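Remarks on the structure that follows.
Protein chains: 2
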Amino acid sequence: MSLVVIGSVAFDALETPFGKTDKIIGGAATYISLSASYSVKPVKLVAVVGDDFPQSDILLLEEHGADTEGLQIKQGEKSFFWSGKYSNDLNSRETLVTELNVLADFDPIIPDSYQDCKYLMLGNLAPQVQRLVIQRLVNRPKLIVMDTMNFWMDVALDELKTTIEMVDVLSINDEEARQLSGQHSLVKAAKIIMAMGPKTLIIKKGEHGALLFCKNKVFFAPALPLEEVFDPTGAGDTFAGGFIGYLAATDDISFENMKRAVVHGSAMASFCVEKFGTERLLNLTQEEIEAREQQFADLVAVVPATAVQNA
Amino acid sequence: MSLVVIGSVAFDALETPFGKTDKIIGGAATYISLSASYSVKPVKLVAVVGDDFPQSDILLLEEHGADTEGLQIKQGEKSFFWSGKYSNDLNSRETLVTELNVLADFDPIIPDSYQDCKYLMLGNLAPQVQRLVIQRLVNRPKLIVMDTMNFWMDVALDELKTTIEMVDVLSINDEEARQLSGQHSLVKAAKIIMAMGPKTLIIKKGEHGALLFCKNKVFFAPALPLEEVFDPTGAGDTFAGGFIGYLAATDDISFENMKRAVVHGSAMASFCVEKFGTERLLNLTQEEIEAREQQFADLVAVVPATAVQNA
Chain A
743 MSLVVIGSVA FDALETPFGK TDKIIGGAAT YISLSASYSV KPVKLVAVVG DDFPQSDILL
803 LEEHGADTEG LQIKQGEKSF FWSGKYSNDL NSRETLVTEL NVLADFDPII PDSYQDCKYL
863 MLGNLAPQVQ RLVIQRLVNR PKLIVMDTMN FWMDVALDEL KTTIEMVDVL SINDEEARQL
923 SGQHSLVKAA KIIMAMGPKT LIIKKGEHGA LLFCKNKVFF APALPLEEVF DPTGAGDTFA
983 GGFIGYLAAT DDISFENMKR AVVHGSAMAS FCVEKFGTER LLNLTQEEIE AREQQFADLV
1043 AVVPATAVQN A
Chain B
743 MSLVVIGSVA FDALETPFGK TDKIIGGAAT YISLSASYSV KPVKLVAVVG DDFPQSDILL
803 LEEHGADTEG LQIKQGEKSF FWSGKYSNDL NSRETLVTEL NVLADFDPII PDSYQDCKYL
863 MLGNLAPQVQ RLVIQRLVNR PKLIVMDTMN FWMDVALDEL KTTIEMVDVL SINDEEARQL
923 SGQHSLVKAA KIIMAMGPKT LIIKKGEHGA LLFCKNKVFF APALPLEEVF DPTGAGDTFA
983 GGFIGYLAAT DDISFENMKR AVVHGSAMAS FCVEKFGTER LLNLTQEEIE AREQQFADLV
1043 AVVPATAVQN A
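Protein sequence lines correspond, in order, to chains A and B.
Under this note's numbering, the first residue of the first sequence is numbered 743, with each subsequent residue one higher.
Under this note's numbering, the first residue of the second sequence is numbered 743, with each subsequent residue one higher.
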């Protein structure tokens, strides 16, 4: 089922306790697209880069299932650039450089061939830009999933709330859920945020897993306990890409299927953090992905005592 | 199967964002005993109090399944007293008062009637006192579970390691696991700690659930997302009591059964935090406990897509 993804396609420069990179391909839409491509192709990309963005990186996205008709290349301008440094425990990061460049006045153009969009993933961007995409689609998609971050809560809360009201699923982390709702308890936070519009809420807790809320139902997917996290960059976007890719591939937006999509997204994110940047997402096999999903299932599997007694 | 529990029986004075208490009954062995009593009776208590400890509180423990033959009452001395104040988000607490009193020179005496001990729970205490109990049991119990805290890592690390070497299961929280192992990754920490002696390790992550490690196997039990946590005091001890109570009742120390014991312990802990102190542990029904365990199972339950396709 046709999937459209909007978000940043950008340069990142990363520093973790394990090393540092020069400018490498990054951005929310990059991770989302790569991750979703393991479930569904093409992933119809809406994004903008400058003329400094290498053709080889665009080819890389295309080779991994991206339709780049909606990727604007701005002549004479530079791509969005973010540089960050992680703390030793990888639990916090410091932004060293943010250069908006082409993102400063991004006007998302939707190619006609994208108008069949049934699944729309709004990667982290200014909420007014995310909203433009919804407005420019002639028919409302079957499912709109939105990712955002605390920055927009700080600088554009009203715009953010207006966009949140229009989406089906909101994906944020635990601290963002607390900030957006003003509630420390995630159960209370979820109720308040779902009252803002989204019928479904995903709260990402990083190494502590993810919660999926829908009305009065709740599902919890653990994160895999990993021996080593190499680079957390893009994990949340990879999760979101896996989540919507799975839903688009199965074309089933029931709560039961969303649970499976959360587990799939968690599995994809667990690969992402194993190497720098997008590296680990470039050459996964379906066998590796299925084995990882099985690890997630095994991690929480309990045989009820009654089943043992009856066996 | 006979269960012996050693730990503090004490007074606590608690302050949370929801209110404060005067001196109420507390202590590791109190919570462990109350929690375990829902699985197995009697719970044979080894502890010490002063003559200020009300007879009514001793009766309360007895009415909830405790055998108090091993509870020493020191005439002319005062009971252990701890007072603490929780932060607004309940994630940290400040110790206001610690009066060791009778615990300062606690010499644990094991009544003859406790010598049939098959399951031994060493609640948090000085590690040399915990070790004395092991040494004073004529036959080694089938299973020894030990709880401890960062305090002993700070002031008595060698003593602690000597005791840890002698137990089967160690139960600590995530920060303590990191401190004890010197590793941030909990997977790496678990390997190092299991190499210290215990074949099985439980890492409690509070609101983020608990991990059970045994050799190269790992199990994760989530915590229930709660709308309101009223008072976290005793949650870890209640978990430990539920864990060993379940194992003692089923007399099965396989990894599969330990998983069920972790879920049972998590369920018991989720009750504990709903009210001040021990209050919620005093009048639970088996129906309530089973319903809560079912909530834990439902929280992580995923029907595989293949099962749906085949249905």
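Note that the Cβ used here is the ideal one computed from N, Cα and C, for glycine as well.
Predicted, not measured: the structure shown is a model, and the values here were computed from it.
beta-carbon residue i near the ligand HEM non-hydrogen atom, thresh 7 Å
i	result
Val785(A)	The model on display carries no ligand, and the ligand HEM is accordingly not part of it.
Per-residue burial, residue i [other beta carbons within 10 Å of its own, 16 or more giving buried]
i	result
Gly924(B)	exposed
Gly769(A)	buried
Asn866(B)	buried
Thr837(B)	exposed
Leu899(A)	exposed
Leu1054(B)	Residue 1054(B) is absent from the structure shown; chain B starts at 743 and stops at 1053.
Lys1048(A)	Per the sequence shown, the amino acid found at residue 1048(A) is Thr instead of Lys. Exposed, because fewer than 16 other Cβ atoms sit within 10 Å of the Cβ of Thr1048(A).
Ala1053(A)	Any reading at Ala1053(A) needs caution, since the residue's pLDDT is 46, under 50, leaving its predicted position unreliable; the model's value is listed next. Exposed: under 16 other Cβ atoms inside 10 Å.
Asp831(A)	exposed
Thr942(B)	buried
Leu801(A)	exposed
Ser775(B)	buried
Pro869(B)	buried
Gly818(B)	exposed
Gln872(B)	buried
Leu1041(A)	buried
Pro796(B)	exposed
Glu684(A)	The structure shown does not extend to residue 684(A), since chain A is modelled only from 743 through 1053, so no value can be given for it.
Leu954(B)	buried
Ala846(B)	exposed
Lys947(A)	buried
Proximity of residue i and residue j at Cβ, strictly below 8 Å
i	j	result
Ile986(B)	Leu745(B)	yes
Leu989(B)	His806(B)	no
Ser825(B)	Val839(B)	yes
Ala963(A)	Val1005(A)	yes
Ile863(B)	Val747(B)	A quick correction: the sequence has Met, not Ile, at residue 863(B). Yes, Cβ-Cβ distance for Met863(B) and Val747(B) is below 8 Å.
Thr975(A)	Asp754(A)	yes
Leu879(A)	Val911(A)	no
Ser798(A)	Ala752(A)	no
Pro967(B)	Val960(A)	yes
Val887(B)	Ser913(B)	yes
Asp849(B)	Ile815(B)	no
Phe1018(B)	Phe972(B)	yes
Glu917(A)	Gly939(A)	no
Val785(B)	Ala778(B)	yes
Ala952(A)	Ser996(A)	no
Thr772(A)	Leu813(A)	no
Under the three-state DSSP convention, the category residue i falls into
i	result
Ser913(A)	strand
Lys903(A)	helix
Ile876(B)	helix
Val1015(B)	coil
Thr1020(B)	coil
Phe893(A)	helix
Ala1053(B)	Since pLDDT at Ala1053(B) reaches only 46, below the 50 mark, its modelled position is unreliable, and the value read off the structure follows with that caveat. Coil.
Val1044(B)	coil
Thr758(A)	strand
Gly1007(B)	helix
Phe848(A)	coil
Val871(B)	helix
Thr724(B)	Coverage of chain B is limited to positions 743 through 1053, which leaves residue 724(B) absent and any answer about it impossible.
Ala1039(A)	helix
Arg1108(B)	The structure shown does not extend to residue 1108(B), since chain B is modelled only from 743 to 1053, so the question has no answer here.
Ala1033(B)	helix
Ala752(B)	strand
Worksheet item: When you check each C-beta in the stretch 919-944 of chain A against every C-beta of chain B, which residues fall closer than 7 Å?
Response: Look at the stretch 919-944 of chain A: the residues with a C-beta under 7 Å from a C-beta of chain B are His926, Ser927, Leu928, Val929 and Lys930.
Practice prompt. Return the chain-ordered ranges of every alpha helix (DSSP H) run that is complete within the stretch 919-1004 of chain B and spans a minimum of 4 residues.
Written response: Counting only unbroken stretches of 4 or more residues, the alpha helix (DSSP H) elements lying wholly within the stretch 919-1004 of chain B are 928-936 and 977-992, in sequence order.
Practice prompt. List in chain order: all unbroken alpha helix (DSSP H) runs of 4+ residues lying wholly within the stretch 780-833 of chain B.
Written response: Under the rule that a run must span 4 or more residues, the alpha helix (DSSP H) segments found entirely inside the stretch 780-833 of chain B read 797-805.
Discussion item. Which residues of the stretch 964-975 of chain A have a Cβ closer than 7 Å to any Cβ of chain C? Give them in chain order.
Written reply: Among the protein chains of the structure shown, namely A and B, there is no chain C.
Discussion item. Short of 7 Å Cβ to Cβ, which residues in the stretch 818-834 of chain A face chain B?
Written reply: Cβ contacts with chain B come from Asp831.
Fill in: Cβ-based contacts, 8 Å cut-off: residues of the stretch 989-1003 of chain A near chain B
Going along the stretch 989-1003 of chain A in chain order, one finds Thr992, Glu998, Asn999, Lys1001 and Arg1002 with a Cβ nearer than 8 Å to chain B.
Worksheet item: For the stretch 1002-1016 of chain A, which residues have a beta carbon sitting closer than 9 Å to at least one beta carbon of chain B?
Response: Result list: Arg1002, Val1004 and Val1005.
Discussion item. Counting only Cβ-Cβ distances shorter than 8 Å, please list the residues of the stretch 948-965 of chain B near chain A, keeping chain order.
Written reply: Cβ contacts with chain A come from His950, Gly951, Leu953, Val960, Phe961, Phe962, Ala963 and Pro964.
Worksheet entry | the stretch 907-918 of chain B: positions lying closer than 7 Å to chain A by Cβ | Residues of the stretch 907-918 of chain B with a C-beta atom less than 7 Å from some C-beta of chain A do not occur.
Discussion item. Which residues of the stretch 855-885 of chain A have a Cβ closer than 8 Å to any Cβ of chain B? Give them in chain order.
Written reply: For chain B, none of the residues of the stretch 855-885 of chain A brings a beta carbon within less than 8 Å of one of its beta carbons.
Worksheet item: Using a beta-carbon distance cut-off of less than 8 Å, what residues from the stretch 758-788 of chain A approach chain B?
Response: For the stretch 758-788 of chain A, which is checked against every Cβ of chain B, not one residue is closer than 8 Å.
Worksheet item: When you check each C-beta in the stretch 1030-1041 of chain A against every C-beta of chain B, which residues fall closer than 8 Å?
Response: For the stretch 1030-1041 of chain A, which is checked against every Cβ of chain B, the residues closer than 8 Å are Ala1039 and Leu1041.
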